[in-house]
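>
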Amino acid sequence: MDVQAWGGGGAGGGASGAVLDGRAAAGGGGGAYARSNITVAAGATLNASVAGTTTNALVSGAAVNGAAGGSSTILGFETSILALGGGGGGANNAGGTPAGGAGGSAASSVGNVSKLDGAAGGNGVTGAIGLLTVSGAGGTAGGGGGAGGAGVASVALGNGPGNAGTAPGGGGSGAMQSLLGGAQIGGSGAAGRVIITYTCPTYSITGISAANVCNSVGTTSVVTLTSSGGGLPIGPYVVTYNRSNPSGTGLTAIMNVTTPGTGTFTAAGLNVIGTSNITVTNLTSAACSSNISTNNVASLTVFAATVGGTLAGTATVCSGATSGTLTLSGQTGSIIKWESSVSPFTVWTTIPNTTNTYTSGALTETSQFRAVIQNGNCAVVNSSIATITVNPLPQGSLSANGPFCVTGSGQLTFTATAGTGPYTIVYKENGGADRTAANISSGVAFPTFTTPVTTTTVYTLVSVTGANTCSRSSGFTNNTATITVNSRIATPGFGTVTQPDCVTSTGSVVLTGLPAGSWTITQSGTASQTYNSSGTTYTISNLAVGNYTFTVQDAANCPSLATSTLTLIAPVVNIWNGTSWSKGSPPISTDVVRFSGNYSTTGNLSGCSLIVDSGFTVTVNSNHTLTISNAVTNNGGQLIFENNSSLLQTNNVTNVGNITYKRITPPVRRYDLTYWSSPITRTPPFTLYDLSPGTLADKYYSYDPVAGWVISFNGTQQMVPGRGYVVRAPQTNDLNTGANYLGAFVGVPNNGPISVSLGTAEAFQLLGNPYPSAIYADQFIANNSANLYGTLYFWTHNSLPSSSTPGGAQYNYDNNDYAVYNLSGSIIVGGMTGQGATTPGNQSAPLGYIAAGQGFFVVSKTAGNAVFTNSMRVAANNTQFYKTNKSAIERHRVWINLTNTQGAFKQLLIGYIEGATNFWDHNYDAITADANPHLDFYSINEGQNLVIQGRSLPFNESDVVPLGYRSAIAGEFSISLDHADGDLTNHAVYLEDKLTNTLHNLQTSNYTFNTAIGTFSDRFVIRYTTATLGTDDFENQTNSFYVSVKDKTIKLNSTEDVMREVSIFDISGKLLYNNKKVENTEFQVSNFQSGNQVLIVKVTLDNGNIITKKIVFN
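Quick note on numbering: the sequence shown equals residues 129 to 1242 in the working numbering.
#1: Given that a residue counts as buried once 16 or more other Cβ atoms are within 10 Å of its Cβ, and exposed if not, what is H1062?
#2: Is there at least one non-hydrogen atom of the ligand PLP closer than 8 Å to the beta-carbon of N1231?
#3: Within the region 486-530, note down every full beta strand (DSSP E) run reaching 3 residues or more, in order along the chain.
#4: Identify, in the order they occur along the chain, each residue of the same chain with its Cβ nearer than 8 Å to the Cβ of C736, setting aside the five sequence neighbours on each side.
#5: Cα-Cα, which of A269, N783, G850 is closest to K243?
#6: What does the Cβ neighbour count give for G935, buried or exposed, with the cut at 16 atoms within 10 Å?
#7: With respect to the beta strand (DSSP E) encompassing D1146, which residues constitute its N-terminal and C-terminal limits?
#8: To the nearest angstrom, how far is the alpha carbon of A609 from that of D562?
#9: Please classify I909: does DSSP put it in a helix, a strand, or coil?
#10: For E1100, which beta-bridge partners are listed by DSSP?
#11: What is the DSSP secondary structure of G1110, counted as helix, strand or coil?
#12: Give the DSSP-derived three-state secondary structure of F985 in the structure shown.
#13: What distance in whole Å lies between the Cβ atoms of G274 and G298, which are believed to be in contact at a cut-off of 8 Å?
#14: Is the beta carbon of R798 closer than 9 Å to that of A857?
#15: So Y921 is in the alpha helix (DSSP H); what residue range does that whole segment cover?
#16: Can you name, in chain order, every residue of its own chain whose Cβ lies under 8 Å from the Cβ of F532, other than the five neighbours on each side?
#17: Which same chain residues end up closer than 7 Å to E770 when comparing Cβ atoms and leaving out the 5 residues on each side of it in sequence?
#18: Sort V673, A292, T665 by Cα distance to T1244 and report the nearest one.
#19: Is the beta carbon of I333 sitting closer than 9 Å to the one on T354?
#20: Below 8 Å, can you find three or more Cβ-Cβ pairs linking the region 1171-1185 to the region 1118-1132?
#21: Compute the beta-carbon to beta-carbon distance between N783 and V876, rounded to the nearest angstrom, for a pair I have assumed lies under 8 Å.
#22: Could you check how far apart the C-beta atoms of A195 and A139 are, in whole angstroms? I think they sit under 8 Å.
#23: Could you compute how far the alpha carbon of I202 sits from the alpha carbon of D130?
#24: Smallest Cα separation from Q907: which of N193, R1001, L1130?
#25: Which same chain residues, not among the five before or five after G255, have their C-beta less than 8 Å away from its C-beta?
#26: Hey, how far is the Cα of L775 from the Cα of Y899?
#27: Identify whether G843 lies in helix, strand or coil by the three-state DSSP scheme.
#28: Put L816 into one of helix, strand or coil per three-state DSSP.
#29: How would you call E557, buried or exposed, if buried means at least 16 neighbouring beta carbons within 10 angstroms?
#30: Below 9 Å between beta carbons: does that hold for G866 and G981?
#31: Below 6 Å CB to CB, which residues in the same chain sit around T541 once its five sequence neighbours on both sides are set aside?
#32: Report all residues from its chain with a CB closer than 7 Å to the CB of G250; omit the five preceding and five following residues, and keep chain order.
#33: Just grab the DSSP bridge partners of T1177 for me.
#34: So does the region 461-468 actually touch the region 298-309, counting three or more Cβ pairs closer than 8 Å?
#35: Looking at the structure shown, is M383 part of a helix, part of a strand, or coil, going by DSSP?
#36: Return yes when the Cβ of G276 is within less than 9 Å of the Cβ of G286, no when it is not.
Shown next, in the form of structure tokens:
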């Protein structure tokens, strides 16, 4: 469309303050003219913004400069059409020659056809009384616009306001004031104008359809017109149409098109049953109109109301019979389906039948049937209902009496659950001839045909007929019954025999081979007793030492013969007298072990229970395990466990008396911390001070999951079993050279279930092994999976940073971090034996066992409890806080290190493990603790930064695992393969550097790169194959992508695919520029701000491929 616009005229200046002279103000400038051809979508609404009249006024009685005229445009198209207003004329308040307002500027206006300046307003003057004085005239608007207001003339004593300009855009003239006359205002600038000239479109339709009409509902039809967007643009229309039945011509209807190319209107007056044609003849929208002569006829049908009709065939049948033929008559309309329903007849099921007759399949319950009728688009109507009453077939179970011992009078019983009695029953004995019993009531026994019964006989139903003549010959709930004739019951056998032991003074026996059903066992011998129960096995308990025999009898069989004699023997008490064992050999697991003399272990020792008599000392030496099934009792002696020894108990019993349990730390300096847990409980309570009395008063800690670290001043806090604690080394220890510390726990050894309240969900919890033996970490994780996440964090660094650490290894000695363990495996925190690290602490990776006295962190899922049980305890594996665990599950794992030459170190683990998935797994994935101040290194899955990531089996070499890292150090780093197991031991492990478009096999060498300080989560990925990077398509796209640099402008060109995103990095990986909405094959970054350097340009194409190119920017 063609658009012309004039800006508003500027107002003339006011005049005031004349005494002995005449003061004439300047005129306002005329508005500019602009003309453009613009393109708009059909049906779009345009809002014109037209400059209004520019008025003037006095301010506090004084004249002011004229206001500038406003601009005229079409909103939203300011960059296509814009005409500026003229400037205001200067006021004359002090004499002189005020300047006329500038004409509207064509240079600042917008028009793609033409642009013209408005004329400037005339200047004002100051004249002596008696001389002719004329105010400045208003400027004429550009492009043939309105004339400016004429100047005001005066010889003497003339006063008057300026004259208004003529629309469009004429400037107002200046005011005149003489010889003490009142202040005058300038003439108003004329309003602007916008003229829009356009050509009506030609309306057309390519398709027409009309909805059918049901005359019982209404007489209108919705008619749908379709066309191209240009043939039927958005807007309101008047549709002129003809109707064939009943006849009507020149009819009209309103149609609003909201989606180009589709519109609907309502055709009325369709009140005659039959076919009618709707013919559209004209479409009119506002001033535009088009006659329609093609694709303009739609046919519809006016239907009479639907009549459901009458359904005949109601009948009564036996279950399993069909309905017979049901017949529909008298309906109006088409049969669209039949339906059936059963009691309570509220839900109807569709039958796909469109004929007027129907015969059902076999019926098992009373059913109703109906046809569903519809005439055209009229309402759906149901026919009348035909009911088929179904009498049930007899149903039930056959049962028999017995069993008998040798012989008995046989009886059968038919218990009915459906049908009408009395019944005629036909049955067979052991598959022989048919036998008939008549007039039989449900649940009432009747005699067998053959009686008495002397052998076991099976009775089978042939048929049952009810009083309503309905008969069943198969599908009974139970169609057989057996009368069993028993001989003497077999003699019971002995199953498990439990002898009296150190805990229980009585024994037990399991009798096997008992008859089915209820029975009575008779016990004879040292004590007589009877037992009534059922089942083929039975346990007789609380048998004192002695001899016993047993018989069994049930209600229908003869009693058995007596069993052989069972002998129960008293347990052995094996006593150490200081030189030898009373039994002549060391105790075995079933012995009561008693020490009545001093003893020092020479190896592992086991027993049923243990007693230490007063005055004697028993020492379990390092790496030895004392395994006791039941209680440990110290009657006043000493029971000492040296470092790395274990007390292993299996049953949940209560111990009596104290033990002394010793733990020796790795060498610790004065400021080193150790994570502890107590294996004993004592009255009075065993405190942190008792563990380390030489520690500084404020260096005893516990951990609250909400408040964090809590200081226990003077170590007064009790060490609660299952909780973890942190204690600093004794104050007397040297600052630089470490020394082992012996912590001695004195109290009753913990045993059995120990529950620790977590109190807070989703929080770190400091727990500890509560037993004087190692526990199996995997079992602890599995047993607590409902309340704890499956990752354990072990503090590994027991020395604080030292300022004396040499510069060449300044990051190797302040790598404070946690070693991590879960069901996927474990990671270490790096070598700490560099210069200055004379006591590196515990650097071993935790690999499956938690030693006695060891504290550790874990994250709670819920606020419930963490539970320790004896089932987690293991022998030995107590020499470190971590010990290797050999697992039989399938694992294929790779450990990857991130290091630099100054000793910074971080390790991650990726494993393909039985039980893991490719989603977040609480027991196989570990979130990084991010405790290392210099470096973090992790894989990424579902937005989590994982120091251990378990993934699903089978191992798929097309798997891709993203990596991320955080570095507080700028410079050169290396990524290396530490080690691997399973199928990954000799499999290629590729590191892809997306920044440099590099693929490197870590099995052959380390990968070295430079980095800036920061966090980077999209630079590296681990792959196991090069296939995804080596396709021909990718090579072709790389060869069809070009980058050039000139005059600080970077130009990019892709000849094969559209560019989606462009990023520019410096060589350290710092992001300098990013645009995620390129969506073009050509793109340029103008005036790019950068010094002379090598840059990396990374482009993501619409097909997902990423292309990286290096450029030299200068």
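Virtual Cβ for every residue (Gly too), placed ideally from N, Cα, C.
The structure presented is a predicted model; accordingly, all values stated were derived computationally and were not measured.
Taking the coordinates as given:
#1: buried
#2: Judged by which ligands are present, the structure shown has none, so any question about the ligand PLP falls away.
#3: 495-502, 514-519, 523-528
#4: Hits under 8 Å: D629, C630, V631, P699, S717, T718, D719, V720, V721, I756, S757, N758.
#5: A269
#6: In this prediction, G935 scores a pLDDT of 30, lower than 50, which makes its location untrustworthy; no coordinate-derived value is stated.
#7: 1142-1151
#8: 15 Å
#9: helix
#10: According to DSSP, which records beta bridges pairwise, E1100 is partnered with N1138.
#11: helix
#12: strand
#13: 3 Å
#14: yes
#15: Y921 -> not in any alpha helix (DSSP H); beta strand (DSSP E) instead, spanning 916-923.
#16: Around F532: V581, I611, T612, V613, N614, A684.
#17: T747, V748, N749, S750, K790
#18: Nothing in the structure corresponds to residue 1244, since the chain is present only between 129 and 1242.
#19: For I333 and T354, yes; Cβs fall inside 9 Å.
#20: no
#21: 5 Å
#22: Sure, about 5 Å apart at Cβ, within 8 Å.
#23: 12 Å
#24: R1001
#25: D149, G150, A152, T261
#26: 8 Å
#27: DSSP, read as helix, strand or coil, puts G843 in helix.
#28: helix
#29: buried
#30: no
#31: S527, A573
#32: Here G250 has A154, G155, G228, G264, A265, G279 as same chain residues with Cβ atoms under 7 Å from its own Cβ, once five neighbours each way along the sequence are excluded.
#33: K1174
#34: Contact annotation: the region 461-468 does not touch the region 298-309, with fewer than three C-beta pairs closer than 8 Å.
#35: strand
#36: no
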